[in-house]
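Position 485 of the sequence shown, counted from 1, bears residue number 485 in the UniProt record's numbering, the numbering being contiguous throughout.
Glycine included, C-beta positions come from ideal geometry on N, C-alpha and C.
Notes to accompany the following structure.
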Amino acid sequence: MYKIFKDLLWWTSHHIGPIFLLRVVLLLLGLLVWTKSNAENGYDLWLRYKPLHETSLKNNYHSVIKQISASGNSASLIAAITELEIGMKGLLNVSLPHVKTVNANGTLLLGTPSTNAAIARLNLVELKDLGKEGYLIKSVQINGRSCTVIASNTDIGLLYGSYHLLRLIQTRHSIQKLLIVEKPKIQHRVLNHWDNLNGTIERGYAGSSLWDWQRLPGYLDPRYTDYARANASIGINGTVINNVNASAKSLTKIYLVKAAALADVFRPYGIKVYLTARFSAPIEIGGLKTADPLDPEVIKWWKLKVDEIYRYIPDFGGFLVKANSEGQPGPQDYKRSHAEGANMMADALAPHNGVVMWRAFVYENIKGEDRAKQAYQEFKKFDGDFKSNVLLQPKNGPIDFQPREPFHPLFGAMPKTQLMLEFQITQEYLGFATHLVYLAPMFKETLSTDTYAKGKGSTIAKIVEGKLESHQISGIAGVANIGSDINWTGHPFAQSNWYAFGRMAWNPEASPETIADDWLKMTFSTDPSFVVPVKEYMLASREHAVHYMMPLGLNHIMNLGTHYGPGPWDKIPGWNAHDYHLADAEGLGVDRTDKGSNAVEQYFPEVRQKYNDIKSIPPELLLWFHHVPWKYRMPTGKSLWEELVYTYYSGVSAVEKMQNTWDGLKDKVDPLRFVQVKQLLAEQQREAAWWRDGSVLYFQTYSKMPLPQGFKVPAQSLEHYKQIKMPDRTDK
1 MYKIFKDLLW
11 WTSHHIGPIF
21 LLRVVLLLLG
31 LLVWTKSNAE
41 NGYDLWLRYK
51 PLHETSLKNN
61 YHSVIKQISA
71 SGNSASLIAA
81 ITELEIGMKG
91 LLNVSLPHVK
101 TVNANGTLLL
111 GTPSTNAAIA
121 RLNLVELKDL
131 GKEGYLIKSV
141 QINGRSCTVI
151 ASNTDIGLLY
161 GSYHLLRLIQ
171 TRHSIQKLLI
181 VEKPKIQHRV
191 LNHWDNLNGT
201 IERGYAGSSL
211 WDWQRLPGYL
221 DPRYTDYARA
231 NASIGINGTV
241 INNVNASAKS
251 LTKIYLVKAA
261 ALADVFRPYG
271 IKVYLTARFS
281 APIEIGGLKT
291 ADPLDPEVIK
301 WWKLKVDEIY
311 RYIPDFGGFL
321 VKANSEGQPG
331 PQDYKRSHAE
341 GANMMADALA
351 PHNGVVMWRA
361 FVYENIKGED
371 RAKQAYQEFK
381 KFDGDFKSNV
391 LLQPKNGPID
401 FQPREPFHPL
411 FGAMPKTQLM
421 LEFQITQEYL
431 GFATHLVYLA
441 PMFKETLSTD
451 TYAKGKGSTI
461 AKIVEGKLES
471 HQISGIAGVA
481 NIGSDINWTG
491 HPFAQSNWYA
501 FGRMAWNPEA
511 SPETIADDWL
521 KMTFSTDPSF
531 VVPVKEYMLA
541 SREHAVHYMM
551 PLGLNHIMNL
561 GTHYGPGPWD
571 KIPGWNAHDY
581 HLADAEGLGV
591 DRTDKGSNAV
601 EQYFPEVRQK
611 YNDIKSIPPE
621 LLLWFHHVPW
631 KYRMPTGKSL
641 WEELVYTYYS
651 GVSAVEKMQN
661 TWDGLKDKVD
671 PLRFVQVKQL
681 LAEQQREAAW
691 WRDGSVLYFQ
701 TYSKMPLPQG
711 FKVPAQSLEH
721 YKQIKMPDRT
731 DK
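Structure follows, in structure tokens:
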């Protein structure tokens, strides 16, 4: 197959134009994927396109789609047609002939009104409000012939619509009498790669970086195209390719040329490249003595640098910036504000329609203050000061991607500022790529939370979409969990979090249940006896992880060095886990009420009142906002100590049940992935017990209370659990 591919590539490069060459390359790459061995290694993600075995269903699909009619030769249209050809060949084992006109039943018609006369004649009013990325999938009659239309205002929309149609077939939905009208609710839907130029990934647990900087731009790994296909299939339209803890070298010519090569691969799939900009770059690579954002020479340097970037990457998306956080340089080094720093870069990008995504993750700049309050204190006062092409990017919670946090108080507090939500897909605090934790319920928990910023119904989703204040641009980011492992994410089920982020970035109101159902059917099996039990566990898995790690609102009690495994006892220079739980002889938890640090003051009255009152606060956030006596009676009737122990043990039991469920599915999963998940679940169970036993024994030294009746005493001493060390696979 490789020799055929090589020979055809040589022939086409010498006999046809570049656009058609691109189409041939894409098709052949797809066929290479399709003709791989039957061994399931996870590489194909949710684009497996495995053959349908239900003959009647297969015939039904083929009766609806027998041929393709499309006009145009853009790279995006070619990508859409190629994907449909690969998908239909894989799913139905049919090759779709190309026709110029709708001359028979079962024609799939692709096009935009401006490039396809047949589409224009349909007068599809649904396209009016779909913008540049929306699409319409509609069953119509043309000249008495049944036809399925994928229409959009742009070819990128046609690509998105093609993936949607293939998803319907993959998940065994009807494709008759279709009327699907879709458009994204968020404009900038971006993956943040924390990849370093040396190939390592900070908080990456699936191998090394995808980007082979040494061989770029001359060698373009076919995996870059597959990465773009996967992202386009779920609507992701941007990628930040370097770490937030950035190297200024990323902005030098040698790396801009390499980034431009990636941008060329991604462009047909609607994906823009962004770069993290190191604030001190004018000093480090520009030869200036300062990076003061108000200095004329600095302003000039950034303008020239941005102009240079756009010469290499005409559709460059813009900058992501981490400034004055965890030792990173920033405008405060020159007694300037975050707004002044962001606006300086925004002015340089504005003529090119680029944006600045300015992270709001800051702490320790206000010594002695509750960390949960610091971002609000630093940014709230600048509401209205940021330029129109700046997106301020807070994390979902005020600490740091903890297993559970209350929502970030900046959401709703800055109505004159465009806020861009940052989620973490990589499981830095949720078991790396060892634990099966489906994150869509966590994403939904944040997005559906009501801030009450403008009364009831002021959800974070509406703020991020720009609806609440009618902002012109909107954005959402996910810290990627992707690496060089053959299955991309390390854990086979971690793929679901990449997938879920894309689907919920497109539509924050999307259902985690529906997303899990689709992902399982496309990635593993459509057999209900497999899908139903596995989906049930997926939906509960995040809650189970919270239970055996940091229940009842506990946070930041992991190992402080690796962020892996329990560490409520941990102390390292500048850090003390005790500060995050404040266990003592009286009780447990941090008082953030109006009698404590008063972090509740940063929320709107309806939320503030709920969090401030120990009787109304949700139990899952209790210890985040309250220091609670060990004998305090919980809503369940148990004391706090009893509830804490019960919750830890229930989390471990849930993992054990999932092991049993998975073992019973051996005949429904391919052998390779079955064994891989089985081994990982066994490791998750051992580590969940480590979390439980170490944490319970540690907190027992403060409560001085025995385990409730019926709970098995940990097999080892507290000192044993303290001594367990895990290899550091983070950023060392």
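**OP:** Put residue 58 into one of helix, strand or coil per three-state DSSP.
**Re:** Helix, per DSSP.
Original post:
So does the stretch 451-471 actually touch the stretch 602-616, counting three or more Cβ pairs closer than 8 angstroms?
Top reply: A contact between stretches requires three or more CB pairs, one per stretch, nearer than 8 angstroms, and the stretch 451-471 meets this requirement with the stretch 602-616.
Subject >> Of the listed residues 255, 312, 245, nearest to residue 279 (C-alpha basis) >> reply: 245
**OP:** Pick out whichever of 631, 637, 644 has its Cα sitting closest to the Cα of residue 621.
**Re:** 644
Original post:
Hey, residue 170 and residue 571: beta-carbon distance below 8 angstroms or not?
Top reply: Taking 8 angstroms as the cut-off, the beta carbon of residue 170 is found no closer than this to the beta carbon of residue 571.
**OP:** Verify whether the separation of the beta carbon atoms of residue 360 and residue 393 is less than 8 angstroms.
**Re:** Yes, the Cβ-Cβ distance between residue 360 and residue 393 is below 8 angstroms.
Subject >> Three CB pairs or more closer than 8 angstroms across the stretch 482-489 and the stretch 153-161 >> reply: no
Subject >> Helix, strand or coil at residue 720 according to DSSP, with G and I counted as helix >> reply: helix
Original post:
Do residue 126 and residue 110 have their C-beta atoms within less than 8 angstroms of each other?
Top reply: no
Subject >> Classification of residue 154 by the beta-carbon crowding that lies within 10 angstroms, buried from 16 upward >> reply: buried
Original post:
Among residues of its own chain, excluding the 5 on either side of residue 101, which ones have a beta-carbon nearer than 8 angstroms to its beta-carbon?
Top reply: Cβ neighbours of residue 101 beyond the five flanking positions: 69, 118.
**OP:** Starting from the C-beta of residue 6, find all residues in its chain whose C-beta is less than 8 angstroms away, skip the five residues before and the five after it, and write them out in chain order.
**Re:** Low local confidence applies: a pLDDT of 42 at residue 6 is under 50, so the model's placement there is unreliable, with the coordinate-based value given in what follows. So the list is empty, once near-sequence residues are dropped.
**OP:** Indicate whether residue 460 and residue 493 have their beta-carbon atoms separated by less than 8 angstroms.
**Re:** no
Original post:
Terminal residues of the continuous beta strand (DSSP E) containing residue 152?
Top reply: Where residue 152 is concerned, the enclosing beta strand (DSSP E) starts and stops at 145-152.
**OP:** Return the chain-ordered list of same chain residues with a C-beta closer than 8 angstroms to the C-beta of residue 50, the five sequence neighbours on each side being excluded.
**Re:** 90, 91
Subject >> Close-in-space but distant-in-sequence residues of the same chain around residue 713 (CB under 7 angstroms, 5 per side omitted) >> reply: 707
Original post:
So, helix, strand or coil for residue 189, using DSSP?
Top reply: Three-state result, residue 189: strand.
**OP:** Kindly indicate which residue of 174, 649, 665 has the alpha-carbon position closest to the one of residue 64.
**Re:** Per the Cα distances, 174.
**OP:** Assuming residue 216 contacts residue 258 (C-beta within less than 8 angstroms), just tell me the rounded distance between them.
**Re:** 4 angstroms
Original post:
In whole angstroms, what is the alpha-carbon distance linking residue 562 and residue 587?
Top reply: 27 angstroms
Original post:
Can you tell which of 326, 630, 657 has the C-alpha that lies nearest to the C-alpha of residue 540?
Top reply: For residue 540, the closest C-alpha among the options 326, 630, 657 is that of 657.
Original post:
Would you call the stretch 345-358 and the stretch 316-326 touching, i.e. three or more CB-CB distances under 8 angstroms?
Top reply: yes
**OP:** Reducing DSSP to helix, strand and coil, say where residue 445 ends up.
**Re:** helix
Original post:
Taking only runs of the alpha helix (DSSP H) that begin and end inside the stretch 195-271, which ones reach a length of at least 4 residues, in chain order?
Top reply: Runs of the alpha helix (DSSP H) inside the stretch 195-271: 222-233, 253-266.
Original post:
Leaving out the 5 sequence neighbours to the left and right, which residues in its chain are closer than 7 angstroms to residue 468 when beta-carbon positions are compared?
Top reply: Short of 7 angstroms from the beta carbon of residue 468, and not among the five residues preceding or following it, lie these beta carbons of its own chain, in chain order: 453, 454, 458, 462.
Original post:
Curious, which full-length beta strand (DSSP E) runs of at least 3 residues does the stretch 93-168 contain?
Top reply: Runs of the beta strand (DSSP E) inside the stretch 93-168: 107-111, 135-142, 145-152.
Original post:
Are residue 122 and residue 149 close, meaning C-beta to C-beta below 8 angstroms?
Top reply: yes
Original post:
If we ignore side chains and look at the alpha-carbon of each, how far apart do residue 94 and residue 151 end up?
Top reply: Rounded to the nearest angstrom, the two C-alpha atoms are 23 angstroms apart.
**OP:** Mind checking which residues open and close the alpha helix (DSSP H) that includes residue 372?
**Re:** 371-379
Subject >> Cβ neighbour criterion (16 or more within 10 Å) applied to residue 503 >> reply: Classification for residue 503: buried.
**OP:** Under 8 angstroms Cβ to Cβ from residue 30, same chain only, skipping five residues before and after it: list those, please.
**Re:** With a pLDDT of 49 at residue 30, under the threshold of 50, the modelled position of this residue cannot be trusted, and the question is left open.
Original post:
Span of the beta strand (DSSP E) holding residue 393?
Top reply: 390-393
Original post:
Sorted by chain position, which residues of the same chain lie with C-beta nearer than 6 angstroms to residue 187's C-beta, five sequence neighbours on each side aside?
Top reply: 473, 474
Subject >> Buried or exposed (CB count within 10 angstroms, at least 16 for buried), residue 731 >> reply: Residue placement at residue 731 is flagged as unreliable, the pLDDT there being 43, under the threshold of 50; the coordinate-derived value follows with that caveat. Exposed is the call here.
Original post:
Are residue 556 and residue 580 close, meaning C-beta to C-beta below 8 angstroms?
Top reply: Yes, these two residues count as a Cβ contact at 8 angstroms.
Original post:
To which residues of the same chain is residue 447 closer than 6 angstroms at the C-beta, ignoring the five residues directly before and after it?
Top reply: 460, 461, 508
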